[in-house]
Amino acid sequence: MPPLPQPAFWPASLHTDRLLLRPIERADVAVMSELWTDPEVRRYLGGPVAAEELPARERGCVGAVGAFSVLLRTEPVVIGSVLVESDSRRAGRAEVSYQLLPEHWGRGYGREAVTAAISWALDEVTPARPEVVAVTQEANARSRRLLESVGMTLADHFVEWGEPQVLYARKT
Ligand SMILES: CC(C)(COP(=O)(O)OP(=O)(O)OC[C@H]1O[C@@H](n2cnc3c(N)ncnc32)[C@H](O)[C@@H]1OP(=O)(O)O)[C@@H](O)C(=O)NCCC(=O)NCCS
């Protein structure tokens with residue numbers, strides 16, 4: 484089957500003071516696997532991804548629409564990833580999700596990357612329907628602080644994957 488046409492907003496690269504967000508490249512796959520299998524990263528994401536699921540994820544992530552590697556601009560090394568889904572199962576709104584390797588937590592990189600991703604989503608991905616959402620486990624205090632710090636507002640509570648979840652939203 485021929486590949487699906489790329490949407491106009493992709494590929495994209497986003498620059499912040501300290502970070503570069505760009506499409507996932509083949510050389511980044513080892514870090515992506517680390518993110519999927521690290522128990523700390525996966526604590527509120529259903530636990531480490533099963534070994535048998537990894538090959539398909541590794542094949543699918545390279546160049547995937549809306550999937551960014553997050554790099555430090557000074558080094559540059561990959562420290563995590565951010566995903567913007569343009570037509571999520573959350574009533575078709577753009578949805579952002581994010582993960583960083585634990586050694587890079589606590590320096591504000593998460594909020595810097597997510598701020599850039601939200602602006603891009605609002606301006607370029609769904610400009611006709613500018614609303615971005617994010618879902619995180621109710622117990623994921625770090626992630627909730629991050630979302631609140633980037634101007635997202637608590638909009639819903641529900642149970643999914645057997646865990647209480649919270650949905651945050653931002654329109655502008
Ligand atoms: C959620 C996650 C991305 C947060 O990453 P992070 O980089 O530590 O988050 P932040 O950007 O909010 O920074 C955290 C702290 O660094 C502090 N900080 C240090 N230097 C800073 C700077 N220069 N600028 C801004 N904040 C800075 C912040 O004040 C913040 O402290 P606080 O949480 O006490 O308010 C990370 O914990 C993670 O990858 N978790 C696992 C995956 C996950 O659960 N994802 C959520 C569901 S999609």
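Following this note's numbering, the numbering of the sequence shown begins with 484 at its first residue and continues without gaps.
Even glycine gets a Cβ: it sits at the ideal position worked out from N, Cα and C.
Inset, instruction - Select from ARG594, ALA577, GLU586 the residue whose C-alpha is nearest the C-alpha of THR499. - result: Residue ARG594 holds the alpha-carbon nearest to the alpha-carbon of THR499 among ARG594, ALA577, GLU586.
Inset, instruction - Whole angstroms is fine: what's the gap from ALA547's alpha carbon to LEU583's? - result: 18 Å
Inset, instruction - Using the Cα positions of HIS670 and GLU558, report the straight-line distance between them to the nearest angstrom. - result: Here the chain has residues from 484 to 655 only, and residue 670 is not among them.
Legend entry - ASP606, DSSP secondary structure in three states: In the structure shown, ASP606 sits in a helix (DSSP, three-state: H, G or I).
Inset, instruction - Spatial neighbours of ARG501 within its chain, please: CB distance less than 8 Å, with the 5 preceding and 5 following residues excluded, ordered by chain position. - result: LEU555, ARG556, THR557, TYR592, GLU595
Inset, instruction - Would you list, in sequence order, the uninterrupted alpha helix (DSSP H) runs of no fewer than 4 residues that lie entirely inside the region 561–635? - result: Secondary structure remark: continuous alpha helix (DSSP H) runs of at least 4 residues inside the region 561–635, in chain order: 592–603, 624–632.
Inset, instruction - Report the option in ARG526, VAL553, PRO488 whose CA atom is closest to the CA atom of ALA622. - result: Cα-wise, what sits closest to ALA622 is ARG526.
Inset, instruction - Taking all protein chains shown into account, decide if PHE551 is buried (16 or more other Cβ within 10 angstroms of its Cβ) or exposed. - result: buried
Inset, instruction - Figure out for me which residue from LEU650, ALA617, LEU487, TYR651 has the closest Cα to the Cα of VAL565. - result: ALA617
Legend entry - Inter-residue spacing [alpha-carbon to alpha-carbon] between ARG612 and LEU605: 8 Å
Legend entry - Enclosing beta strand (DSSP E) for ARG525 [first to last residue]: Counting along the chain, ARG525 falls outside any beta strand (DSSP E), and DSSP gives it neither H nor E.
Legend entry - Segment limits, alpha helix (DSSP H) that includes VAL514: VAL514 -> alpha helix (DSSP H) spans 512–520.
Legend entry - Residues bridged to ASP639 (per DSSP): LEU650
Inset, instruction - Tell me whether ALA550 sits in a helix, a strand or coil according to DSSP, three-state version. - result: Correct three-state label for ALA550: strand.
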